[in-house]
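One structure is given here, and the rest of the page talks about it.
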């Protein structure tokens, strides 16, 4: 087979010389090269394995069998460690521990506050000081700590995870530093007793865990480096985050899907379920072992009656809760965004706050904790209850008021907090809802790790309770059915309200499931589902979800969803939104072009085309690769090399005849690997024999059109003896070592001259990693399809090609603009300028649109002479 | 703007004449044409609207305002009707009604059987006859009715829905006939009391409803014709089907997602929830209105204690249930497939059964009902209970046996059936499980509309109960915790078992949610989740799911999933699996080529390439379009036309001078619209000015290479005066009318000659609908990516292109083979022949592989001279 290969190469070499196939070859070579790089990893592992076996053969002594056994065991263990379920179990276990420890610390912090407050009951002022100082210190510490260690840990983390799962790499969001900052910051923030949640940050923490665990595990096996696998694991981690936070595996999985994904691969479903269930299980088992609970039960267990959970005639009340929650949720999102925007816009405030970054958190905390001070205003809004205690009392299955008289109820334990000698329960509830509403919206803007789910959940429960208590007061003997009296259960209303409001704020339906898992009862399933769906319908038509709102505020690179009724977008096409002025590099461009392209644009990848005339897309190259190429060309080693060679040539010219010079040149040539020259090296590149060459006549045409100062044309190259070859030597390792010998005696002007010379050389794409299959669309692809493909495959950009020719590029930015233009403004649809032409109804519309395109692209190419619009230079070349 | 358009056209016309751009133009024209066709619908609606407004202007009399108002109201209503939620509500409402009516009828049928059996208690033989005859008659009727009306209604319907949602069109599966057959057949089948389920068929029925409702609604508005919207609605309908069957909206949505989708668009999530919730709500409200229930509760309500649902130490038992259920589920699927395959393979049986199609159902029913006859063997397996009654008793929260003595328990109502004077409860349960297991596997092979979910669910519950009762007997005072005695609840084990076994058979996790919704209690969430996940893990590693198994048996065109550990598939590429021998048609092919291509292949679409030499992919054309083209060319109208013209020409030649002949020809030419000829008509085709033409030199080359008998070359065409033009006239409507005037006096031989002549003409792709953007892959695309793209976008096939050139095609079949080859056989991976070359580790492997490709394609082209392998003819043309 090796002999065959050599023959084949020889044959190809001949063909290359005969037909001058060089340009064709390079496109193919680029692909092969990329494939080779990709596969080199595999090969390495294979060779390692064979080496191991060799070692075994070699050591065939007495204990050979023993060793073989050991090695096999080791291998087996390593291969097992590589399996997904081990990873998921470890992740679940670790997250359950983290969740439990965080909960434990928060409980201690809250107890400490209560203890301080209780111990100072002799003096109200001291009490107030203690009540206020404690959270201010904690929040300030949390904000400062996060700010110093990792500012990425601030906030919920769900918007960031949504973006990362979309395929965008956010730097520093998945590091160990962020992990530490998030965990400690969150514990302090929640320990302060502010209306903040733990669920959003836990999604982030779980993802951090997964990323770190992935890195750790890759020390044992090699398969943890696969990117698509990492994304799958991150998706599972999000489920774990919610699951171990609420001990709600099913709800966690669904919530994380709804919140983070656009398209969900059902084959990853089990990962989330598995890890979240395991995590929730361990989380609850820890509580049992700590003697907090007798057995594994729900976190906020309710005890509603099972046989008659609610009457059919109560359903309108549930529906009202749903609709009101929808408006409330939209208001919450709007309010939250308003606060952020207000602070940003007021330059005076902004400037002041930027200087004293910790002042804002301290001020907000001071305000909130002053208002909840139990002997003060707090007495009217159950201020002394922690978030957890409020929720437990709100979900209580007893009715607080009978026949409108609140006093009749025998308040036990924490429920007493809702009772006030002068004020009705209804007033307390209303005050609680109103105050907590703006407090939560304000508190979630503090730059500490915090979520908004739990506060919203509690407010929703309070609202539901309010409606429930009203119903109970209205129908003291329950709504009449056939004889039996079933009194109304206000706790059930609280459950419905909690699910509806949190569903409205997050735009999810799965809060219903979370509620069932949190309360351990599913008897109210229909009211909850109805309310959640109504709340979603209302909220989604008014405002984006809280997470999308944060994405917009933070300007994260996320693609918005297509709207509910997205039928109108079927007639916007890629050609309407694509950028026609694509930055590209040609195969035979010189380093100067590279330099210019790198200076002007800032795209992460650049298109590699065959030539400016043909515009045939060969692949895409990462910016970093090109920068490396450029710096290699202009770097000091090469310059020193040049000096050395110049000196040597000088010397030779002085002393010897020109014959030896020729020989030297020949020697250099054989070391070179360049495509434009048909040397033996070049022909070694594996070619694709079946690829036909009908494009050759077009390709062979020298593309001098775009570069008038193009000295090294391919004809000159092929002669192989031009002066230029002196500069083309690739920097070898041995040459590098000789650097010390040469003196850098060039003046600045000489250096500049030398650099100019270097820039005029043709680029050598040899050692450059080229992606041979960048994603391509055709110009007629609809916006809907483009959006689907982008979100499904997590694309960042896609090239638009027409019969192999690059005619444009669409990136997330354009797509986002197009979608937002036609989605957000309801009714008045902002459409791309050209889409409207197609609707005008006459058959000439197509022509007009394309005519406009032509004019537009002509204008573009006129204003930007460096970017050759293909139609232009094409016409010239004919 | 119109003037501009005309100028533009004139300009283009000139350009066309100057540069001879015709071939380039056609590719563009094809795209424009397709776009125009697509948009004609829109235009029509616009013109209708304007006509309506005109009418209003015209009628400006006294009641004009009134009319405007009416029209506006009508429009508003119609636009509302078009909205998704109206559709979903209607669907939910209708399905709830269907579900309720079916349930009602089934209940009546079952009652009738009991009544008959009870009334004849004097004579055991008569009892037996009644017990056996009733189901045999019902099942036979069901099988016969379904067979006659719509054989597509047979079976579960979930495999078919899975395939349809995958994007494959299955004929006759969504028609009204099928709907009627399915509903009536299902009612009879379940009314017989056989161990069959209603859930699978309900998924199908809901989809049928959605499809029919879509058709009905499209009478009012136009947007119901969108295909992608239909798919979305079908997905929602599947959720409705499960939701209204079990009154389980959440579980229904999740189950339908898991069972039918590969990738799920989260934006469709709400549709399913909305429709399923509404449907479940109506379904349960109907029960309340019918006084069956006091209020809306779960279907199989349980009453387990809430405060201490289970002990931590019971978890191993739950895990055991999970693992055993996993094995049981795999066995069920295997057994079911075995029965089908056995019957198929035994030719004698098969032949006999094919003749008497109703005999098999009757025999199976006879066997099953004989064994369940209560006074006979049925007394040992609670044979007199219906499926529903068994489930209710199995989920009972009381313990049947205490301290191993079953007699102590006070059996009430139906639970008495489990008690037998001589036999222990354990024996009864074991017999029930074993007998029902094979009975269900057998019964689901009967050709009636039926599902397997419910029987499996009941068997699982029985198995769980068995374990639970054993545990209760083992620990009569419960497992010791801190003092308090909590006895073991066997009902909880039954819930766990039901979820685990049904999860194992269907490979879903969401059975857990269905169980919670069915029982109305979520207290056992952790045991259920653990058992379901374990059962899934075991079952998925042993057997495909029941639905996938049926898909394989029925050989439906479905793409299998990538396995759990699908890392090894990253190094199989499209080029390894693609079919290189693509059937294509070229732009300038003649009708004979078309004819041959249509005869040899049977693909639904054919690739249209620029020419056999360049192989540049221009688009794809549906087979039907090509057939229409061919039949138009060879049809009788054209032949009569030819005769008429021949006669006319004859006459003219006889009588007049040749001058008039010329004129006539000219007139004909102007009517023609052909691309190959640069007439005025051709230049009117809207062109894409920005598309560059570097490919032209390649394209201009006349492609005579492949067709030596190619008479009408483009040069001849351009002269515009050849004899051939006589035959090229497109059949106009007025010409058609004249058909009657001409006598068809051609002999058969003349006709054959004429047809031969027609076949040699170039194809006119003018009125042909061309898809300008068929999906393309590059040869380096990995199998994983290909699978993802295929399943995400629901592709049927994709073309593999290399720089615009068509080099292969991948269809579902190849992909299925590749995946099955490397997935199903665990450990011993069957790889495509060429993939192994890449792993060999030497750098020459690439060359070898491509070399092999070359050899292979050369061989192909040698054996099939009509299919020009591009590499071959390319080399010739140089």
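Protein chains in written order, with my numbering: chain A, 60 to 937; chain B, 60 to 937.
Note that CB positions come from ideal geometry on N, CA and C, so glycine has one too.
These numbers come from a predicted model, not from an experiment.
Checklist entry - Is there a Cβ from chain A that is less than 9 Å from the Cβ of residue 443 of chain B? => result Not an interface residue.
Next on the checklist: Please return the same chain residues whose Cβ sits closer than 7 Å to the Cβ of residue 175 of chain A, not counting the five positions on each side in sequence.
Outcome noted: Closer than 7 Å at the Cβ level, and outside the excluded window around residue 175 of chain A, lie 189, 193.
Checklist entry - How many whole angstroms separate the CB atoms of residue 380 of chain B and residue 556 of chain B, which I take to be in contact at a CB cut-off of 8 Å? => result Confirmed, Cβ separation roughly 5 Å.
Item to check | Residue-level contact to chain A via CB, residue 353 of chain B, 9 Å cutoff | outcome: At least one chain A Cβ lies under 9 Å of residue 353 of chain B.
Checklist entry - Between the Cα of residue 611 of chain A and the Cα atoms of A:814, A:577, A:875, A:825, which residue gives the shortest distance? => result Nearest of A:814, A:577, A:875, A:825 to residue 611 of chain A, Cα basis: A:875.
Item to check | Secondary structure, alpha helix (DSSP H): runs of 4+ residues fully inside the segment 388-439 of chain A | outcome: Every alpha helix (DSSP H) stretch that sits fully inside the segment 388-439 of chain A and reaches 4 residues is listed by chain position as 406-414, 418-430.
Item to check | CB contact check: residue 151 of chain A to chain B, cutoff 9 Å | outcome: So, not an interface residue.
Checklist entry - Run through DSSP, which three-state label would residue 580 of chain B get? => result Strand, per DSSP.
Next on the checklist: Using 8 Å for Cβ pairs, my map puts residue 219 of chain A next to residue 229 of chain A. What's the rounded Cβ distance?
Outcome noted: Sure, about 6 Å apart at Cβ, within 8 Å.
Checklist entry - the segment 573-589 of chain B: which residues have C-beta closer than 7 Å to a C-beta of chain A, in chain order? => result Result list: 575, 576, 579, 580, 581, 582, 584, 585, 588, 589.
Checklist entry - According to the neighbour-count rule (16 or more other Cβ atoms, all chains shown, within 10 Å of its Cβ), is residue 211 of chain A buried or exposed? => result Residue environment: residue 211 of chain A is assigned as buried (16 or more neighbouring CB atoms within 10 Å of its CB, all protein chains considered).
Next on the checklist: Taking CB distances under 9 Å as the criterion, tell me whether residue 410 of chain A reaches chain B.
Outcome noted: Any Cβ of chain B closer than 9 Å to the Cβ of residue 410 of chain A would place that residue at the interface, and such an atom is absent.
Item to check | Segment limits, alpha helix (DSSP H) that includes residue 709 of chain A | outcome: Where residue 709 of chain A is concerned, the enclosing alpha helix (DSSP H) stretches over 695-714.
Checklist entry - Does the segment 344-362 of chain B touch the segment 587-594 of chain B, meaning 3 or more C-beta pairs lie closer than 8 Å? => result Touching, no, given that fewer than three Cβ pairs across the two stretches are closer than 8 Å.
Checklist entry - Who are the Cβ neighbours of residue 323 of chain A in its own chain at under 6 Å, not counting the five residues just before and after it? => result Contacts found: 316.
Checklist entry - Based on Cα-Cα distance, which residue from A:439, A:517, A:573 lies nearest to residue 309 of chain B? => result Closest option to residue 309 of chain B, Cα to Cα, is A:573.
Item to check | Beta-carbon separation (whole angstroms), residue 665 of chain B vs residue 643 of chain B, contact threshold 8 Å | outcome: The beta-carbon separation of residue 665 of chain B and residue 643 of chain B, rounded to 6 Å, stays under the 8 Å limit for a contact.
Next on the checklist: In the DSSP assignment, the alpha helix (DSSP H) including residue 178 of chain B goes from what residue to what residue?
Outcome noted: 143-178 is the span of the alpha helix (DSSP H), which, as asked, contains residue 178 of chain B.
Item to check | Any chain B beta carbon closer than 9 Å to residue 592 of chain A | outcome: It does; some Cβ of chain B falls within 9 Å.
Item to check | Three-pair Cβ contact test at 8 Å for the segment 387-407 of chain A versus the segment 448-456 of chain A | outcome: A contact is defined here as three or more CB-CB pairs under 8 Å, and the segment 387-407 of chain A fails this definition with respect to the segment 448-456 of chain A.
Item to check | Distance between residue 126 of chain A and residue 257 of chain B (C-alpha atoms, nearest Å) | outcome: Computed Cα separation, rounded: 59 Å.
Next on the checklist: Please report the straight-line C-alpha distance between residue 406 of chain A and residue 184 of chain A, rounded to a whole angstrom.
Outcome noted: Going by the C-alpha atoms only, they are around 36 Å apart.
Item to check | Any chain A beta carbon closer than 9 Å to residue 946 of chain B | outcome: Past the edges of chain B, shown from 60 to 937, lies residue 946 of chain B, and the structure says nothing about it.
Checklist entry - For the putative contact between residue 151 of chain A and residue 361 of chain A, defined by C-beta atoms under 8 Å, what is the C-beta separation to the nearest angstrom? => result Rounded, the Cβ-Cβ distance is 26 Å, inconsistent with contact.
Item to check | Through-space distance from residue 299 of chain B to residue 370 of chain A, alpha-carbon basis | outcome: Approximately 24 Å, taken between the alpha carbons.
Item to check | Beta-carbon contacts of residue 581 of chain A that lie in its chain and below 6 Å, excluding the five residues immediately before and after | outcome: Here residue 581 of chain A has 575 as same chain residues with Cβ atoms under 6 Å from its own Cβ, once five neighbours each way along the sequence are excluded.
Item to check | Neighbourhood of residue 938 of chain A by C-beta, 6 Å cutoff - its chain only, sequence neighbours within 5 removed | outcome: The shown model of chain A, from 60 to 937, leaves out residue 938 of chain A, and the question about it has no answer.
Item to check | Three-state class that DSSP yields for residue 361 of chain A in the structure shown | outcome: If DSSP states are grouped into helix, strand and coil, residue 361 of chain A belongs with coil.
Checklist entry - Along chain A, in chain order, which residues have C-beta atoms closer than 9 Å to that of residue 367 of chain B? => result Here the neighbours are 353, 354, 356.
Next on the checklist: Please return the same chain residues whose Cβ sits closer than 6 Å to the Cβ of residue 498 of chain B, not counting the five positions on each side in sequence.
Outcome noted: So the qualifying residues of the chain are 254, 427.
Item to check | Distance CB(residue 215 of chain A)-CB(residue 509 of chain A) smaller than 9 Å | outcome: Going by C-beta atoms, residue 215 of chain A is nearer than 9 Å to residue 509 of chain A.
Checklist entry - Taking 9 Å as the CB-CB cut-off, is residue 308 of chain B touching chain A? => result Interface flag for residue 308 of chain B against chain A is set, since a Cβ pair is found closer than 9 Å.
Next on the checklist: Under 8 Å: do the segment 700-707 of chain A and the segment 671-687 of chain A share three or more Cβ pairs, one atom per stretch?
Outcome noted: Touching, no, given that fewer than three Cβ pairs across the two stretches are closer than 8 Å.
Item to check | Residues near residue 588 of chain A in its chain [Cβ-Cβ closer than 7 Å; skip 5 each side] | outcome: Shown here for residue 588 of chain A: same chain residues with a beta carbon closer than 7 Å to its own, the five before and five after excluded, namely 571 in chain order.
Item to check | Whole-Å CB distance - residue 250 of chain B paired with residue 168 of chain B, under 8 Å assumed | outcome: Confirmed, Cβ separation roughly 3 Å.
Next on the checklist: So with CB distances below 7 Å, who are the chain B contacts of residue 225 of chain A?
Outcome noted: Correct list: empty, because the minimum Cβ distance to chain B is about 12 Å.
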